[in-house]
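If you're matching positions, the sequence shown starts at 211 in my numbering and goes up one per residue.
Note that beta-carbon positions come from the ideal geometry of N, C-alpha and C, so glycine has one too.
Every value quoted in this text rests on a predicted model; they were computed, and no experiment measured them.
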Amino acid sequence: MRIAVLRESTPGETRVSAVPDTVKKLLGLGHSVVVQAGAGANASFPDELYKAAGAEISSDGGIGSVDLVTKVRRPTDAEIGAMKASAGFAALLEPYGDNAAIEKLAKAKIDAIAMEFIPRISRAQSMDALSSQANLAGYRAVIEASELYGRAFPMMMTAAGTIAAAKVFIMGVGVAGLQAIATARRLGAVVSATDVRPATKEQVASLGGKFVAVEDEEFKQAETTAGYAKPMSAEYQAKQAALITEHIAKQDVVITTALIPGRAAPTLVTEAQARSMRPGSVIIDLAVAQGGNCPLSRPDELVEVGGVKIMGFTNLPARLPADSSSLYARNLLALLPLLTDKDSKAFAPAWDDEIIKGALVTRAGAIVHPQLAGASAA
211 MRIAVLREST PGETRVSAVP DTVKKLLGLG HSVVVQAGAG ANASFPDELY KAAGAEISSD
271 GGIGSVDLVT KVRRPTDAEI GAMKASAGFA ALLEPYGDNA AIEKLAKAKI DAIAMEFIPR
331 ISRAQSMDAL SSQANLAGYR AVIEASELYG RAFPMMMTAA GTIAAAKVFI MGVGVAGLQA
391 IATARRLGAV VSATDVRPAT KEQVASLGGK FVAVEDEEFK QAETTAGYAK PMSAEYQAKQ
451 AALITEHIAK QDVVITTALI PGRAAPTLVT EAQARSMRPG SVIIDLAVAQ GGNCPLSRPD
511 ELVEVGGVKI MGFTNLPARL PADSSSLYAR NLLALLPLLT DKDSKAFAPA WDDEIIKGAL
571 VTRAGAIVHP QLAGASAA
C-alpha cells in the first residue's frame, strides 16, 4: 500500500500525521510512504528526517497515486479533488461541524475514517486519538494556567516568608482532567476536582486531589451501568451549584474540560462564579471550540473580567506538536492492520470489524455513519 502524509492547512495546526519513527515502521510492514514537503516542519520533523527514515518527499504528497491519505485535520477541497476514487482517508474529521467536507469526500468516492469515531473499547485503546490528544491537552492546560497566573504553584518556605500553594480546581475528570490533576499536583498545587460520575472520586483521590461534590444518596446512584451520568433532580442540582459556587470563589485556577460529542459544551462556570474569583486568578476553558464551559471565554483570546484571566484554547495539542504528532502517528499505525490485506498489503479495510464500522464515515459514494444520517451526499 502506498500512503501519503499531507501537510496541514488549518491555521495554527502544527501537528503532522506521521513521524520518522512511524514511517520506518510502515516501511517495515511492507508499505511505501510519500511525505508532502514541509509536512513535519512545524513539529520539528524536517524533510531530511523523513528521507533518512525511507520516505519519499513530494511537493503534493503524491496524493493522486496513493491508496491511503493521512492528515491530522480535514482535507481541503483541492485535496479531495486530487484523491483517486476508492482511496482511503484518515484524519480528525470534526464530523459534527460543517458537513460540507464530508459530503465532498462521499461524492469523490473516498473511504473516509474519522479518528474521533474510533470506538472506546479495550481493543481500540492504542488507536484512540481523542484520548492521546486530550492527555496532552490536560497537561498543557496546567502549563498555560501557571504562566497566566504569574505566581508560584508550590508552597515555598523562604527566609523572607512563606508563599502559599496555588489552589487549582479541575472541572471534569475525563482523560484531560485526570492529566491536569496529575500535572498540577506535580507542580505543587493544592488540587481539587469535580465530576458528575461517582466513580471518578476514586480516580481523583488516587492522584492526590480532593473530590468536590454533594455526596448524598442521589449522587451515589448517578451513574448508569454503561458508565454514563444520569440526569439529576433540580434539588440536587441546586445543592451542587451552591457548593461549587462557594468552592470556585476560593480558587486561584479553574480548568474546565467538559465536552459532549455533537452537542454544545455545558456551562460549568457562570459569569457570576468567574467574577467571584480574586484578581489574578485564571480560568482555562478547554471546551471553547464547542461554545465553552464558561460564557465569558472566547476562542484563543485572553479575556479579563474584574482582574480574572479567562483563556479558551481551541487546540492545545498543537502547542506540543512533536509529542502530539508522535502519539497521533502511533494511533494511525495501530489502526493500519484493520485497513490492510494481511497477505497482499493492499488497502482493504475490514469492513465488518466493529472498529472500522464505528469509525467509517463515507464509503462508495455515500455517508454511512449512523450519527451523520442527516447529511446528504446527493
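- Leu303 and Arg283 have their alpha carbons spaced roughly 6 Å apart.
- Leu530 counts as buried, since at least 16 other C-beta atoms from the protein chains shown sit within 10 angstroms of its C-beta.
- Distance from the Cα of Ile290 is smallest, within the candidate group Ala322, Leu259, Tyr260, Lys449, for Ala322.
- Cβ neighbours of Asn345 within its own chain (closer than 6 Å, five residues either side excluded): Val385, Gln389.
- Across the structure, Ala392 and Ala556 are spaced so that their CA atoms are roughly 43 Å apart.
- The region 377 to 384 makes contact with the region 457 to 464; the number of CB pairs closer than 8 Å reaches 3 or more.
- Among the bridge pairs identified by DSSP, Ser402 is matched with Phe379, Lys420.
- Inclusion of Thr550 and Met211 in the CB contact set at 9 Å is warranted, their separation being smaller than that value.
- Taking 8 Å as the upper bound for CB-CB distance, Gly264 and Ala214 are not in contact here, some 15 Å apart.
- The C-beta distance from Pro509 to Ala497 rounds to 11 Å, too long to fall under 8 Å, and the pair is not in contact.
- When the five nearest sequence neighbours on each side are left out, the beta carbons in the same chain lying within less than 7 Å of the beta carbon of Ala355 are those of Val463, Ile465, Val492, Ile494, in order along the chain.
- Distance between Tyr538 and Asp563, taken at the CA atoms: about 21 Å.
- Remark: C-beta atoms of Leu239 and Leu546 approach each other more closely than 9 Å.
- Beta-carbon to beta-carbon, Ser332 and Ala544 are separated by about 13 Å, too far to satisfy the 8 Å threshold.
- Using a Cβ distance threshold of 9 Å, Ala362 and Gly398 count as a contacting pair.
- In this structure, Lys314 places its C-beta atom within 9 Å of the C-beta atom of Asp287.
- If you check the CB distance, Phe255 and Ala247 do not come in under 9 Å.
- DSSP places Ala262 in the uninterrupted alpha helix (DSSP H) bounded by 257 to 263.
- Taken through DSSP and simplified to helix, strand or coil, Met487 comes out as coil.
- Counting along the chain, Ile328 sits inside no beta strand (DSSP E), nor does DSSP assign it H or E at all.
- At the C-beta level, Asn541 and Asp338 come within 9 Å of one another.
- When Cβ pairs closer than 8 Å are counted between the two stretches, the region 478 to 490 is seen not to touch the region 439 to 450, the count staying below three.
- In terms of CA proximity to Glu433, Asp405 leads the group Gln483, Asp405, Ala415.
- Spanning the alpha carbons of His241 and Leu548 requires a straight line of approximately 14 Å.
- Within the DSSP secondary-structure output, Gln246 pairs in a beta bridge with Ser268.
- The continuous alpha helix (DSSP H) containing Glu456 extends over residues 444 to 458.
- Going by beta carbons, Gln343 and Pro527 fall inside the 9 Å limit.
- In the three-state reduction of the DSSP assignment, Met366 falls in the strand class.
- In the DSSP assignment, Ile391 falls within the unbroken alpha helix (DSSP H) covering 385 to 396.
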